[in-house]
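Novice: Heads up, the sequence shown is in my numbering, so the first residue is 1 and it goes up one at a time.
Every residue, glycine too, gets a C-beta built ideally from N, C-alpha and C.
Here the structure is a predicted model, which means the values were calculated and not measured.
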Amino acid sequence: MKEVLIGSILSALSTGLGALPILFLHNSLTHRWRDILLAFTAGIMTAASTMSLIPEALQSGGFTALAIGLMLGVVTLTLLEQNIPHIDLEHSKSGIQFDEKAMLIIAAITLHNLPEGLSVGVSYASDAANTGNLIALAIGLQNAPEGLLVALFLVQQNITKLKAFLIATLTGTVEIFTSLLGFYLTSYISSLVSYGLSFAAGAMLFIIYKELIPESHGDGNERFATYSFIIGLLFMIFLINLF
């Protein structure tokens with residue numbers, strides 16, 4: 001219990017850690033650096049889902065449980081996207097007014113963090129050594145640049161730097177509660193572990209292919225983003241083998 005609480009808190013608060021530079025930046029990040037950060041996190045999440053979550057789900061529940069859980073993760077993220085208006089952090093030219101636009105992006109990011117928190121909690125309930133720590137690290141590394149991009153977006157909407165930092169940090173705290181929920185559910189109903197792990201993998205893969213990769217290729221930086229993706233992939237593989 002103590003381990004999952006610490007892991008979920010650190011993973012969630014990494015959103016605020018990533019947003020911290022907004023307090024000191026005088027100018028916005030270039031599109032190239034934003035694309036590099038997004039692609040790097042995509043590589044990290046790809047390795048975490050395919051080399052940690054999916055193999056563990058297969059081992060504990062077999063292919064049927066993997067397929068069901070993975071598709072549930074994809075369907076859940078699809079429903080969230082369909083019901084929460086998606087606002088492109090970098091390329092939106094919508095005419096939505098400031099207050100409404102800011103609230104929409106806050107709501108979208110907060111809901112987007114729900115399955116990530118579940119991923120961490122379910123991973124800690126797994127019997128595999130260090131799976132929880134690895135997934136918490138992967139989600140935390142993904143949250144950091146996300147927090148920065150959200151804070152930058154809010155600053156561009158004329159929100160003060162301090163308020164943008166605090167809001168970005170708060171969007172990540174929802175992961176603490178969903179992490180504990182995932183941990184308790186799968187701890188008391190052991191048959192849910194394989195479904196939970198594969199659900200987390202499906203949610204991650206959806207985010208990677210639907211959001212992170214397209215976002216990183218939106219400004220002509222495909223080659224740099226590709227290199228960054230591969231570096232992120234190798235970095236997470238190194239950590240998986242290390243632990």
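(1) With three or more C-beta pairs closer than 8 Å as the rule, is the stretch 218-231 touching the stretch 36-55?
(2) Could you tell me the alpha carbon to alpha carbon distance between A201 and R32, rounded to whole angstroms?
(3) For I96, which residues in the same chain have their Cβ closer than 6 Å to its Cβ, ignoring the five residues on either side in sequence?
(4) With a 10 Å radius around its C-beta and 16 neighbouring C-beta atoms as the bar for buried, classify E211 as buried or exposed.
(5) Cα-Cα, which of T30, S179, I139 is closest to S52?
(6) What separation, rounded to the nearest whole angstrom, lies between the Cα atoms of G61 and I189?
(7) If I measure Cβ to Cβ from G247 and keep anything under 6 Å in the same chain, skipping five residues before and after, which residues do I get?
(8) Starting from the Cα of G16, find the closest Cα among V4, N133, L141 and give me that residue.
(9) So what does DSSP say about G202, is it helix, strand or coil?
(10) If distances are taken between C-alpha atoms only, which option among A47, D219, S8, L25 comes closest to F238?
(11) Report the rounded CA-to-CA distance for E146 versus E56, giving the unit in angstroms.
(12) Would you report the Cα separation of A151 and L25, rounded to the nearest angstrom?
(13) What span of residues does the alpha helix (DSSP H) with Q157 cover, start to end?
(14) Measuring only the C-alpha atoms, how far is A164 from V155?
(15) Looking only at C-alpha atoms, which of L5, R34, S8 sits nearest to A19?
Specialist: According to the data block:
(1) yes
(2) 28 Å
(3) Low confidence applies here, because I96 scores a pLDDT of 38, under 50, leaving its location unreliable and the question unanswered by this model.
(4) buried
(5) I139
(6) 13 Å
(7) Nothing can be reported for residue 247, as the shown portion of the chain is limited to 1 through 243.
(8) L141
(9) helix
(10) A47
(11) 27 Å
(12) 11 Å
(13) Premise fails: Q157 is in no alpha helix (DSSP H) and is neither H nor E.
(14) 6 Å
(15) R34
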